[in-house]
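Following UniProt numbering, the numbering of the sequence shown begins with 1 at its first residue and continues without gaps.
Even for Gly, the Cβ is constructed at its ideal location relative to N, Cα and C.
The model shown is predicted, which means the values in this text are computed figures rather than measured ones.
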Amino acid sequence: MISTSDLREKEIINIIDGRRLGFISDIEVNLEKGRIEALIVPGPGKILGIFGKDNDYVITWREIKKIGVDVILVELKNEIITNEVEEEKN
Numbered sequence: 001m002i003s004t005s006d007l008r009e010k011e012i013i014n015i016i017d018g019r020r021l022g023f024i025s026d027i028e029v030n031l032e033k034g035r036i037e038a039l040i041v042p043g044p045g046k047i048l049g050i051f052g053k054d055n056d057y058v059i060t061w062r063e064i065k066k067i068g069v070d071v072i073l074v075e076l077k078n079e080i081i082t083n084e085v086e087e088e089k090n
């Protein structure tokens with residue numbers, strides 16, 4: 001069994017492009033079912049999960065492929081659309 005504090009110490013890596021996404025800042029839990037629904041990782045540009053862009057990575061349990069000793073491998077096919085990208089489109 002793994003605790004939420006153990007999960008927070010593991011780095012998240014996307015297996016699609018090998019990118020390091022960072023560390024978990026929050027965890028969404030379904031209290032009725034007693035299981036984790038998603039992991040939240042601060043998006044690009046955030047410092048300590050506080051300052052920066054409002055776009056976080058929301059990684060659902062289905063997207064988690066492997067929980068290792070030091071890392072969590074995820075498969076994120078959909079990129080975050082940052083405010084900069086949205087502004088370029090306008």
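Beta-carbon gap between residue i and residue j smaller than 9 Å
i: I13; j: V58; result: no
i: W61; j: R20; result: no
i: I24; j: I2; result: no
i: G22; j: E11; result: yes
Neighbour-count burial assignment, residue i, 16 or more Cβ in a 10 Å radius
i: N30; result: exposed
i: G43; result: buried
i: D56; result: buried
i: E88; result: Unreliable positioning characterises E88 in this predicted model, as indicated by a pLDDT of 45, which lies under 50. The coordinate reading is nonetheless provided below. When all chains shown are included, E88 counts as exposed.
Close Cβ partners of residue i (< 8 Å) along its chain, the five nearest in sequence each way excluded
i: I15; result: K65, L73, V74 and E75
Beta-carbon proximity list for residue i, same chain, < 6 Å, skipping 5 on both sides
i: E28; result: E37 and A38
7 Å Cβ shell around residue i - same chain, five flanking residues per side excluded
i: K77; result: I16
i: G68; result: none
**Runs of beta strand (DSSP E) wholly within the UniProt domain "PRC-barrel" (2-76) (minimum 3 residues, chain order)** = Uninterrupted beta strand (DSSP E) stretches at least 3 residues long and entirely within the UniProt domain "PRC-barrel" (2-76) occur at 11-14, 20-23, 26-30, 35-41, 57-60, 64-67 and 71-74, given in chain order.
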